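Enquirer: Once you've had a glance at the structure underneath, I'll fire off some questions.
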Amino acid sequence: MSGFPPDLFAGRRYAVLGLGRNGAPAATALAAMGADVVAWDDDPGARRLAAPGGRATSPPNPLPQGEGELHPAPPPLAGGGRGEGARVPGDGSLVLRDPLTTDFAFDALVLSPGIPHVLPAPHPVAARARAAGIPILSDVELLFRAVRAAGSRAHFVGVTGTNGKSTTTALLAHILAGAGVPVAAGGNLGPAALALPLLPDNGVYVLEMSSYMLERIETVRFDAAAMLNLSPDHLDRHGGMAGYAAAKRAIFDRQTAADLAVLGADDALSCALAADLRARPAPVIGISGAPAGAGGCAADIVCVDGILRDRSGPILSMAEAPALPGAHNAQNAAAAVALGFGLGVGRAAVASAIASFPGLPHRQQQIARIDGVAFVNDSKATNADAAARALGCYPQLVWIAGGLAKDGGIAPLAPFFPRIAHAFLIGRDAPALAATLAAAGVPHTLAGTLEDAVPAAFAAATAACAPVVLLSPACASFDQFSGFDARGARFAALVAALGAVPHGLATLGRDAAPARTGEAA
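Be aware that the sequence shown starts at 692, since it is given in the numbering used here, and climbs by one per residue.
Now the structure itself:
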């Protein structure tokens, strides 16, 4: 965290549990700002990565599945593994130790997003914190406190929703950067919150917020916040749809009349929330990727005949933004427009930035074309709703799907089944997906692995004259991969082995810059 005073959190003591992409930067940053930090991960491998040479001071415990679907190797903990009282930059200390073996006198527990504190079962450290009345916070909460304590009035923008968060977050950051606004993007996308620098008063933090993060904020006030859509996901973690929706709604808590709320108008749950929020003084902007909101409420920014427009007129043709195909991406663009306008970016600058947006990897990313067949990597589609957005873009295709299915499986995708020339199914829940396809008469093969699915899908596409092989799994990846990004990378490697001339990170015809992303919704 560059630019923060080294004594900002002096006298505070924090426990950090989970040393993945959120936890390791949080531990190091807090100590660098003067706090005393006890950091731990139940996974010995994570401890070794975070603190080479670190000493485990208690036996490891089973760690619940970690921080979404992305686990890049975190940076080493500065000072980690050097014992109690090890010094780090600033006046704080950082020690690698199980908090349960300490006196547990902490100001807060910083819990990595994927570690449960209530459902389906709380981690023992979280249970101890709750019993002791110790706040359980996300790194975003601590970033907000640090920025305000450092005297900066930089704006905070939060983006959430079941799908589209990463694209919208990256697109808004692209718009702001193009307009010369100091911007730092992160959270569930890219750098962890406590790895971001201190921004000046005119700067903007653009943060992708998962439901896991939102349930652990206490004082964060988003100057502008967007919820793109809402569909069932992570229900075991939130105790059902009502709990999931409540976690998402927290992004609008503490907003004032000076702030902005942006909500999707294409699903009934978002529309219901919009109606509730309109009773508050803060303005609410409805967005849709269609001519009118499909969820039953009004939309202020829509897409009509491929033209993104608001009540003042056209903004741009989505044909000018090849990295953003489909109605779902038109809605993502509409959200970025609303947020960009709300932050003072001019109309022409917003349109130009959307047209030049390079896209993100693993999101309808065309990686190659062989003999007229396009190979599209949509590995980020980890639920049926996300896969529907990709399937709806292609009138005929060969589909690769499977992994760990979410509630409902692929049954909601039935309207798209006529488009599927053949499906190749992989992963643990392939048999269940096969049963759904068989009942609908969709040709399919239990391929088992990507290694078998990719060449077979190419052969099937060639035989059926289908122009697209689409990896859009509609399932999580943990059964076979470390994350959706690893799954997408393996798909790309297998396609390259077919003899393709790779398009690099071309996303439907436009080069895309690599980005680190998360899957927690």
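Note that beta-carbon positions come from the ideal geometry of N, C-alpha and C, so glycine has one too.
Quantities reported herein were computed from a predicted structural model and do not represent experimental measurements.
Going by CA-CA distance only, name the one from Phe-797, Arg-1060, Ala-737 that's closest to Ala-1188.
Expert: Arg-1060
Enquirer: Provide the residue span of the alpha helix (DSSP H) that contains Gly-736, from first to last.
Expert: 735–741
Enquirer: Is it buried or exposed for Gly-702, if we count other Cβ within 10 angstroms and need 16 for buried?
Expert: exposed
Enquirer: Just how far apart, CA to CA, sit His-1019 and Leu-885?
Expert: 30 Å
Enquirer: Can you check which of these residues, Ser-902, Gly-1174, Asp-927, is closest to Thr-1073 by C-alpha distance?
Expert: Gly-1174
Enquirer: With DSSP as the reference, label Phe-797 as helix, strand or coil.
Expert: coil
Enquirer: By Cβ distance, which residues of its chain are closer than 7 Å to Ala-1026, with the 5 residues on each side in sequence left out?
Expert: Excluding sequence neighbours, Ala-1026 sits near Thr-859, Ala-917, Leu-919, Val-953, Ile-978.
Enquirer: Quick one: residues in its chain with C-beta nearer than 7 Å to the C-beta of Ala-981, no 5 flanking neighbours on either side, listed in chain order?
Expert: Asp-957, Val-993, Cys-994, Ala-1018
Enquirer: Thinking Ala-938 and Ser-902 are a contact (beta carbons under 8 Å), I'd like their distance in whole angstroms, please.
Expert: With a Cβ gap of about 4 Å, Ala-938 and Ser-902 count as contacting.
Enquirer: Give me the Cα-Cα distance between Leu-810 and His-925, rounded to the nearest whole angstrom.
Expert: 10 Å
Enquirer: What residues are listed by DSSP as bridge partners for Asn-1068?
Expert: Gln-1056, Leu-1162
Enquirer: Just the C-alpha distance for Ala-1251 and Leu-887, rounded to the nearest angstrom, thanks.
Expert: Examination of residue 1251 is not possible in this model, given that the chain is present from 692 through 1212 alone.
Enquirer: List the residues that DSSP assigns as beta-bridge partners of Ile-1117.
Expert: Gly-1093, Gly-1139.
Enquirer: In the structure shown, what three-state DSSP assignment does Phe-695 receive?
Expert: coil
Enquirer: Give the DSSP-derived three-state secondary structure of Arg-1000 in the structure shown.
Expert: strand
Enquirer: Just verifying my parser: in three-state terms, what is the DSSP assignment at Tyr-705?
Expert: strand
Enquirer: Near Val-838, which residues of its chain fall below 7 Å by C-beta distance, leaving aside the five closest residues on each side in sequence?
Expert: Ala-845, Leu-889
Enquirer: Verify the CB distance criterion: does Leu-833 have a CB-CB separation below 8 Å to chain D?
Expert: Structure shown: chain D not included; a single protein chain is present.
Enquirer: Is the segment 724–732 touching the segment 869–880, taking contact as three or more C-beta pairs under 8 Å?
Expert: Three or more Cβ pairs closer than 8 Å define a contact, and the segment 724–732 falls short of that threshold against the segment 869–880.
Enquirer: What is the C-beta distance between Ala-1096 and Cys-1166, in whole angstroms, given that I count them as a contact (C-beta under 8 Å)?
Expert: 5 Å
Enquirer: For Phe-913 and Val-895, I'd like the C-alpha separation in whole angstroms.
Expert: 11 Å
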